[in-house]
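Under this note's numbering, residues 1 to 197 are what the sequence shown spells out, in order.
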Amino acid sequence: MGSAWATPLNGENQVLFDFTTIKNIDNWNESSDTVRTVGMSKGILTLQKTQVFQRAIFFSLLNPQPNGAGFAGVRTLTNLDLLNYDNIEMTCRGQGENKEYKIVLRHHGQSSNDDISYEQFFTAPMSSDKFTTIILPLENFKPYYRGREQPDAQPLDKKNITMFGLQIYGGVYSSFKQKGVSSLEIEKIIATSSQQQ
């Protein structure tokens, strides 16, 4: 079973997911808009293994409603204590029709779509030949409920992160809309301290 727990990296950072060496991703599950009757999107995380490299690919087919309501995602249960870290860094690249994604976290064992989620949006670097490391400050994960920010909700408990997810979204509350087929290739996701950068 592939590990979802944080492990030391060079004594300073923590590896959350190393898709270049992980044995499998059986503990990642789809979390897409088909939880609702109108949902028609699909997301899947798979390992790409060749004779010279290995990485994960998050494939998505985004079929939102006309107003942009819709999402495709994957997630895994975790047991992460990131209290002493400031950022989540992901080495990745995007391809396809869409480039706007988000990381979705939950804490305290919450995993239902009826629970508050903590989300941060990012633009995937679109490149055919190189990977880029994006930096997502943990302080910028904001509470959301069904796509709407909840400013009065409690902040993310960095010491007790129990779900980690990736999601692509249609843009129901955004000034832009997305739909179609895309992929996000990922090598590693790590937690870092700003003092070490």
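The beta carbon of each residue, even a glycine, is placed where N, CA and C say it ideally should be.
Identified DSSP bridge partners for residue i
i      : result
Ala124 : None; Ala124 has no bridge partner.
Lys49  : Gln54
His107 : Ile161
Tyr101 : Phe122 and Ile168
Leu62  : Gly180
CA-to-CA distance, residue j to residue i, given in whole angstroms
i      : j      : result
Thr21  : Asn27  : 15 Å
Lys142 : Ile189 : 19 Å
Gln120 : Gln65  : 22 Å
Gln211 : Tyr118 : In this structure the chain extends from 1 to 197, so residue 211 is not present and cannot be described.
Asn67  : Ser32  : 17 Å
Leu47  : Asp157 : 30 Å
Asn160 : Ile134 : 23 Å
Start-to-end residues for the beta strand (DSSP E) that takes in residue i
i      : result
Ala69  : Element bounds for Ala69: n/a, residue is neither H nor E.
Met90  : Asn87 to Gly96
Glu139 : Segment: none, Glu139 is in no beta strand (DSSP E) and carries neither H nor E.
Phe17  : Asn13 to Asp18
Asn29  : Trp28 to Glu30
Ile189 : Gly180 to Thr192
Test item: CB-CB of residue i and residue j under 8 Å
i      : j      : result
Ile88  : Leu136 : yes
Arg75  : Glu185 : no
Asp35  : Gly96  : Reading the sequence as shown, one finds Val at residue 35 and not Asp. No, the pair does not count as a contact, with Cβ atoms beyond the cut-off.
Glu12  : Thr91  : no
Asp115 : Arg106 : yes
Gly165 : Ala69  : no
Leu138 : Leu80  : no
Leu77  : Ser128 : no
Close-in-space but distant-in-sequence residues of the same chain around residue i (CB under 7 Å, 5 per side omitted)
i      : result
Tyr173 : Gly147 and Arg148
Leu45  : Ile25, Trp28, Ala56, Phe58 and Val74
Gly109 : Thr162
Ser194 : Asp86 and Asn87
Cβ shell of residue i (< 8 Å), same chain only, five flanking positions each side left out
i      : result
Ser3   : Reliability fails at Ser3, whose pLDDT of 37 lies under 50, so the model's placement of it is uncertain and no value is given.
Phe131 : Thr91, Cys92, Arg93, Pro125, Glu185 and Glu187
6 Å CB neighbourhood of residue i in its chain, flanking five on each side removed
i      : result
Ala124 : Gly94, Lys99, Tyr101 and Leu184
Met40  : Asn63
Ser60  : Gly43, Ala72, Ile168 and Ser182
Min CB distance residue i to chain D below 8 Å
i      : result
Gly147 : Here there is only one protein chain, and chain D is not present.
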